[in-house]
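Asks: I have a structure here, written as structure tokens, and I will follow up with some questions on it.
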Amino acid sequence: MSTFMLKSKSLGFTPVNNIFIEKYMPQARGEFIKIYLLMLKHDISGEFGVSSSILASSLNLLESDIMNALNYWNDQEVIKFTQIDKMGNYNVEFIDLIQEPAKSTKQVDLLEALDSTTTKDMLKDIEMLLARPLSPNEMSIYLNWQREFGFSSELILILMEYCISKGKSDSRYIEKVALSWHDLKISTIEQAQNLIKKAEDKWINIRKILTYLGINNTDIMKPQQDLIEKWLLIYKFPNEVILKACDICSERLNRADFKYIDGILTNWNKNNIKTLEDIALKDAKNTKNSKFQKSYNNNEKAPLKFNNFEGREYDYDSLEKKLLGWDNDD
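Numbered according to UniProt numbering, the sequence shown spans residues 1 to 330.
Now the structure itself:
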């Protein structure tokens with residue numbers, strides 16, 4: 001169970017920013033909107049905190065739905081969702097939503113741009129991918145990518161297909177992907193395809209690990225994703241080594257624990273253990289040392305051979321008299 005600490009603004013009602021209603025609500029899942037509104041109500045009411053179990057019970061949802069929603073709104077920059085400690089406690093701060101100023105993209109001459117058959121075909125293809133008409137503002141954004149980023153029509157379509165294939169069709173997410181491609185200097189179809197393949201390969205490996213652990217949720221929590229990406233991309237462990245660490249965790253704890261698995265893999269990385277063969281050698285060495293220690297302990301406790309020697313019997317009173325000189329009669 002997690003507890004979420006709130007920075008409260010005590011009011012007798014719950015105001016909802018029109019920007020949230022107009023810009024963020026249409027693309028969000030229904031349960032995510034419910035969670036946002038209920039959290040906002042608790043925040044406005046002046047409460048210091050609320051537990052994930054209470055939120056889940058109030059909305060008839062799972063606690064994992066609460067975490068997924070808060071991570072989603074954090075990614076959308078609607079709230080600031082930060083971890084306080086390792087006990088499952090978080091800070092939730094609602095961000096004041098401000099209308100973004102008009103962008104230069106609106107200065108694109110749509111009538112002039114639509115004279116191009118290539119441009120018209122691209123926009124029609126995007127509408128087919130989104131299964132809805134484009135607004136003039138969206139058209140301006142896509143055309144501006146051509147002008148400012150140097151994206152070709154084909155590259156824009158690949159970008160759109162990639163985002164939609166991941167179930168992400170809101171314009172804010174798509175804009176972030178376009179900016180990241182621009183920062184990575186993606187300018188050709190080949191570069192885009194290589195980038196997408198690399199991302200897909202990473203997610204295939206992530207899904208294999210999650211499935212092995214019995215986690216089949218569509219959305220993975222960011223802390224879990226960060227740990228798996230560390231194992232794959234920073235430590236550069238092959239899947240079989242990560243799964244071996246999962247097996248060890250399951251044998252010892254009888255459950256999946258990401259922090260415990262991370263501890264195993266961090267130790268292996270520190271000791272340059274990178275393959276199943278390295279793990280087997282380490283285990284064999286530990287087993288040998290354990291047997292040696294056990295043998296040493298047993299030998300230490302073994303009875304000495306001369307313990308069976310039958311001792312002599314002495315008259316200690318007579319010996320004492322002799323030592324003190326009391327045995328003389330004179």
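Each residue gets a CB set at the ideal place from its N, CA and C atoms; glycine is no exception. None of the values given here were measured: they were computed from a predicted structure.
How would you label Leu-55, buried or exposed, when you count the other beta carbons within 10 angstroms and need 16 or more for buried?
Replies: Counted from its first residue, the sequence shown places residue 55 at position 55. With 16 or more other Cβ atoms within 10 Å, it is buried.
Asks: Return the CA-CA distance between Gly-263 and Gln-225, expressed in angstroms with no decimal places.
Replies: Locating residue 263 in the sequence shown gives position 263, where the first residue counts as 1. Locating residue 225 in the sequence shown gives position 225, where the first residue counts as 1. One C-alpha to the other measures close to 16 angstroms.
Asks: If you compare alpha carbons, which of Asp-65, Arg-147 and Asn-91 is closest to Ile-220?
Replies: As a working note, residue 220 is residue 220 in the sequence shown. The option with the nearest alpha carbon to Ile-220 is Asp-65.
Asks: Measuring only the C-alpha atoms, how far is Glu-77 from Ile-156?
Replies: Taking the sequence shown and counting its residues from 1, the one referred to as residue 77 is at position 77. Taking the sequence shown and counting its residues from 1, the one referred to as residue 156 is at position 156. Going from the Cα of Glu-77 to the Cα of Ile-156 covers about 25 angstroms.
Asks: Taking Lys-274 as the reference, which of Asn-254, Asn-286 and Leu-232 has the closest Cα?
Replies: Your numbering for residue 274 matches position 274 in the sequence shown. With distances taken between Cα atoms, Lys-274 lies closest to Leu-232.
Asks: Just mark Gln-146 as buried or exposed, buried being the case when its beta carbon has 16 or more other beta carbons within 10 Å.
Replies: Here residue 146 is taken as the residue at index 146 of the sequence shown, counted from 1. By the 10 Å Cβ count, Gln-146 comes out buried.
Asks: Whose C-beta lies closer than 6 angstroms to the C-beta of Asn-269 among residues of the same chain, with five residues either side of it excluded?
Replies: Along the sequence shown, read from residue 1 onward, the residue named residue 269 stands at position 269. Counting only Cβ-Cβ distances below 6 angstroms, and skipping sequence neighbours, we find Tyr-235.
Asks: Compare the beta carbon distance of Ser-180 and Gly-150 with 8 angstroms and say whether it is the shorter of the two.
Replies: Locating residue 180 in the sequence shown gives position 180, where the first residue counts as 1. Locating residue 150 in the sequence shown gives position 150, where the first residue counts as 1. No, they are not a contact pair.
Asks: Hey, how far is the Cα of Ile-228 from the Cα of Asn-60?
Replies: For the purposes of this step, residue 228 is taken as the residue at position 228 of the sequence shown. For the purposes of this step, residue 60 is taken as the residue at position 60 of the sequence shown. Rounded to whole angstroms, Ile-228 to Asn-60 spans 30 angstroms at the Cα level.
Asks: For Gly-12, collect the residues of the same chain with a Cβ closer than 6 angstroms to its Cβ; drop the 5 residues on either side in sequence, then sort them by chain order.
Replies: The residue given as residue 12 occupies position 12 in the sequence shown. There are no such residues.
Asks: Using only the alpha-carbon positions, how far apart do Thr-211 and Pro-136 sit?
Replies: Numbered from 1 along the sequence shown, position 211 holds the residue referred to as residue 211. Numbered from 1 along the sequence shown, position 136 holds the residue referred to as residue 136. Computed Cα separation, rounded: 43 angstroms.
Asks: For Asn-68, is the classification buried or exposed, using 16 other Cβ atoms within 10 angstroms of its Cβ as the cut-off for buried?
Replies: Counted from its first residue, the sequence shown places residue 68 at position 68. It counts as buried.
Asks: To which residues of the same chain is residue 338 closer than 7 angstroms at the C-beta, ignoring the five residues directly before and after it?
Replies: Only positions 1 to 330 of the chain appear in this structure, which leaves residue 338 out of reach.
Asks: Could you name the residues that DSSP lists as bridge partners for Ile-209?
Replies: Your numbering for residue 209 matches position 209 in the sequence shown. For Ile-209, which the question treats as bridged, DSSP gives no partner whatsoever.
Asks: CB-CB under 8 angstroms to Ile-276, same chain, minus the five flanking residues each way: which ones, in chain order?
Replies: Mapped onto the sequence shown, residue 276 falls at position 276. In the sequence as displayed, the identity of residue 276 is Leu instead of Ile. Glu-240, Val-241 and Lys-244, listed in sequence order.
Asks: Looking only at DSSP bridge pairs, what is residue 394 linked to?
Replies: The structure shown does not extend to residue 394, since the chain spans only 1 to 330, so no value can be given for it.
Asks: I need the straight-line Cα distance from Gln-191 to Glu-112, nearest angstrom please.
Replies: Here residue 191 corresponds to residue number 191 of the sequence shown, with the count starting at 1. Here residue 112 corresponds to residue number 112 of the sequence shown, with the count starting at 1. Each residue's alpha carbon lies about 30 angstroms from the other.
Asks: Looking only at C-alpha atoms, which of Ser-153, Asp-96 and Ile-98 sits nearest to Met-122?
Replies: Along the sequence shown, one-based indexing puts residue 122 at 122. If we check each option's Cα against that of Met-122, Ser-153 comes out closest.
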